[in-house]
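Under my numbering, the first residue of the sequence shown carries the number 2, and numbering increases by one thereafter.
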Amino acid sequence: MAIFLCTTLPFLPLTTSFNSSKSTLSSILTNTTARYHFSTIAMNSFTTTTSASSSSMQYVPEQDSNEMERVANLTFQRYTSNSTKRSGKGTAIVWFRNDLRVLDNEALYKAWLSSQTLLPVYCVDPRLFATTYHFGFQKTGALRAQFVLECLADLRKNLMNRGLNLLIQLGKPEDIIPSLAKAYGAHTVYAQKETCSEELNVERSVSRCLQQVGVSSDESAGDARTSNSDPKLQFVWGTTMYHRDDLPFDVTCLPDVYTQFRKTVEAKCAVRSSIKLPSSLGPSPPIEDWGCLPSLEQLGLCSQNVSKGMKFVGGETAGLSRIYDYFWKKDLIKVYKETRNGMLGSDYSTKFSPWLASGSLSPRLIHDEVKRYENERQANSSTYWVLFELIWRDYFRFLSVKYGNLLFHIGIDCSKSLMPLMFFSVLA
Numbered sequence: 002m003a004i005f006l007c008t009t010l011p012f013l014p015l016t017t018s019f020n021s022s023k024s025t026l027s028s029i030l031t032n033t034t035a036r037y038h039f040s041t042i043a044m045n046s047f048t049t050t051t052s053a054s055s056s057s058m059q060y061v062p063e064q065d066s067n068e069m070e071r072v073a074n075l076t077f078q079r080y081t082s083n084s085t086k087r088s089g090k091g092t093a094i095v096w097f098r099n100d101l102r103v104l105d106n107e108a109l110y111k112a113w114l115s116s117q118t119l120l121p122v123y124c125v126d127p128r129l130f131a132t133t134y135h136f137g138f139q140k141t142g143a144l145r146a147q148f149v150l151e152c153l154a155d156l157r158k159n160l161m162n163r164g165l166n167l168l169i170q171l172g173k174p175e176d177i178i179p180s181l182a183k184a185y186g187a188h189t190v191y192a193q194k195e196t197c198s199e200e201l202n203v204e205r206s207v208s209r210c211l212q213q214v215g216v217s218s219d220e221s222a223g224d225a226r227t228s229n230s231d232p233k234l235q236f237v238w239g240t241t242m243y244h245r246d247d248l249p250f251d252v253t254c255l256p257d258v259y260t261q262f263r264k265t266v267e268a269k270c271a272v273r274s275s276i277k278l279p280s281s282l283g284p285s286p287p288i289e290d291w292g293c294l295p296s297l298e299q300l301g302l303c304s305q306n307v308s309k310g311m312k313f314v315g316g317e318t319a320g321l322s323r324i325y326d327y328f329w330k331k332d333l334i335k336v337y338k339e340t341r342n343g344m345l346g347s348d349y350s351t352k353f354s355p356w357l358a359s360g361s362l363s364p365r366l367i368h369d370e371v372k373r374y375e376n377e378r379q380a381n382s383s384t385y386w387v388l389f390e391l392i393w394r395d396y397f398r399f400l401s402v403k404y405g406n407l408l409f410h411i412g413i414d415c416s417k418s419l420m421p422l423m424f425f426s427v428l429a
């Protein structure tokens, strides 16, 4: 099992920190349509199947853009619903956060289902590029920011392929979302529910500001509302493989030992199937300026060139291509358990973490692809172990709900039955 230090924020500093500038954050955004490439910390570059010079650069996934598009299109077809019936009226907003994908996105699906017009929006929050309250650490490094910019560019492309667009605005969500809800008469704002304090504080701020413009908050994930109902802010759960509502215990009673948690959910829970969305999700409201992606410089960061090691390509398209590459093209999942701790090259493990962290890949979709592989090729301890690591990932996410900020404290009292520094995310 390989583990990476993680944060539930959609940006994580991977290497050098940079000084942010308020003036650059308020600059006019510039257009960017080129595909970005995300660079990880440099390491020796060779795979489990071929060796390469230590001075070489490897892209993850390895396919060129045309091949990635081909693979992604096939995957989209497999997970697309033939139904085009939507029951709602009026306009709904889907507020993208840590769920930068189209496939298996319940917030996007419910927003589409409940409306006739759908407005997707992403807020480039300047606080994510500031420093931490304690110790002044940079929250977002250039490499992570570059990866997320790629995710946003890819999300916009995938939404446009389905009759929508992505409104990108610079500012705090609590300022942007209520203003949009009022301007376009949205009856509901849908968003993925997060678990840690900074994200929860933003949720409360958005809810409070929505109430000031007549939009109430409802944190349940109940049935979609029509335009005849009181407007609201509705959160959905979408960060884990096992759904929170399907756990055989309240999350506040989560076992403090992973093995107990794993055995219980495996015996008593079933993983929900990925949500299939229709091929057309439009229309969007008429908007003249959908906004442009900011440059790193406008985010107060400096470009960072990495000449060797691995470069992860951001976006759902790249994430789906990585699944195809690792599972179906190279057939590496069948030996995952034996190679997962190799720490050399790009193929000793799945390398799904960057896409899981940004929400470009859904853990449920990975589960579905594992099961498809087991049905079509073979099931063994290695195929199971990919799911085993995803259960670890679920466990830590649920722990963050149970313990809140205690999760980040050093030297937790043993009576609280929580190991100190338990803030890791599993790389399956």
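Glycine included, C-beta positions come from ideal geometry on N, C-alpha and C.
CB-CB length for residue i against residue j, believed under 8 Å
| i | j | result |
| --- | --- | --- |
| Gln117 | Lys86 | So it is not a contact: roughly 12 Å between Cβ atoms. |
| Ser274 | Ser363 | Not confirmed; about 11 Å, so no contact. |
| Tyr349 | Ser383 | That belief does not hold up - the Cβ atoms of Tyr349 and Ser383 are roughly 12 Å apart, past 8 Å. |
| Phe148 | Thr141 | Not really, about 10 Å apart at Cβ, beyond 8 Å. |
| Phe295 | Leu156 | Residue identity differs from the one stated: residue 295 is Pro in this sequence, not Phe. About 15 Å separates the two Cβ atoms, so there is no contact after all. |
| Ala143 | Gln305 | 4 Å |
| Leu282 | Arg163 | 4 Å |
| Val371 | Pro62 | In fact, because the Cβ distance is near 17 Å, the residues do not count as touching under 8 Å. |
| Leu120 | Ala187 | 7 Å |
| Ala108 | Val237 | 5 Å |
| Thr189 | Ala268 | 37 Å between Cβ atoms; not a contact. |
| Lys277 | Ser82 | 4 Å |
| Trp291 | Leu168 | 5 Å |
| Cys270 | Pro249 | 6 Å |
Nearest neighbour of residue i, chosen from the options [CA to CA]
| i | options | result |
| --- | --- | --- |
| Glu317 | Val95, Glu68, Leu153, Glu289 | Leu153 |
| Tyr404 | Ile288, Pro256, Tyr374 | Pro256 |
| Leu234 | Gln212, Asp176, Glu151 | Gln212 |
| His368 | Val125, Leu400, Leu391, Ser383 | Leu391 |
| Tyr243 | Leu388, Met58, Arg71 | Leu388 |
| Thr133 | Ser198, Trp96, Glu267 | Ser198 |
| Ser381 | Glu339, Tyr60, Leu101, Gly164 | What sits at residue 381 in the sequence shown is Asn, not Ser. It is Glu339. |
| Glu204 | Phe97, Tyr110, Arg145 | Phe97 |
| Leu333 | Gly310, Lys312, Tyr374 | Tyr374 |
| Phe399 | Tyr259, Cys293, Ile177 | Tyr259 |
| Ser401 | Gly137, Val252, Tyr385, Leu104 | Val252 |
| Pro127 | Asp176, Arg378, Val266 | Asp176 |
| Leu297 | Arg365, Glu151, Phe136 | Glu151 |
| Ala319 | Val72, Met58, Cys270, Leu167 | Val72 |
| Tyr185 | Ser206, Val122, Trp329, Ser347 | Val122 |
| Met311 | Leu366, Ser347, Ser66, Cys254 | Ser347 |
| Phe409 | Thr196, Met161, Glu70 | Thr196 |
| Tyr396 | Val266, Tyr110, Glu68, Pro284 | Val266 |
| Asn202 | His135, Pro174, Gln64 | Pro174 |
| Asp100 | Arg394, Gly360, Asn406, Asn67 | Gly360 |
| Ser280 | Asn406, Leu165, Ser66 | Leu165 |
| Arg394 | Asn376, Ser354, Tyr385, Asp247 | Ser354 |
| Ala182 | Gln59, Ser88, Gln261, Val207 | Val207 |
| Lys194 | Lys158, Gln139, Thr240 | Thr240 |
Which of helix, strand or coil DSSP assigns to residue i
| i | result |
| --- | --- |
| Pro121 | strand |
| Lys312 | strand |
| Ser198 | helix |
| Leu297 | coil |
| Thr25 | Bear in mind that a pLDDT of 30 at Thr25, under 50, signals an unreliable position, so the model cannot answer this. |
| Lys233 | strand |
| Ile411 | coil |
| Gln213 | helix |
| Val307 | coil |
| His188 | strand |
| Leu171 | strand |
| Gln139 | strand |
| Thr132 | strand |
| Gln379 | coil |
Near the ligand FMN: residue i beta-carbon under 8 Å from a heavy atom
| i | result |
| --- | --- |
| Arg79 | Here there are no bound small molecules, and the ligand FMN is not part of this structure. |
Continuous alpha helix (DSSP H) assignments of at least 4 residues falling wholly in the stretch 250 to 278: Whole alpha helix (DSSP H) segments, 4+ residues: 259 to 269.
Kindly confirm or deny that the stretch 314 to 332 and the stretch 63 to 82 touch, where touching means at least three C-beta pairs closer than 8 Å. Per the Cβ contact rule, the stretch 314 to 332 is in contact with the stretch 63 to 82 (3 or more Cβ pairs under 8 Å).
If we require 4 or more residues per run, which alpha helix (DSSP H) segments fall completely within the stretch 57 to 122? Runs found: 66 to 79, 107 to 114.
I'd like the ranges of any beta strand (DSSP E) spanning at least 3 consecutive residues and lying wholly in the stretch 331 to 392. Counting whole runs of 3 or more residues, the stretch 331 to 392 contains no beta strand (DSSP E) stretch at all.
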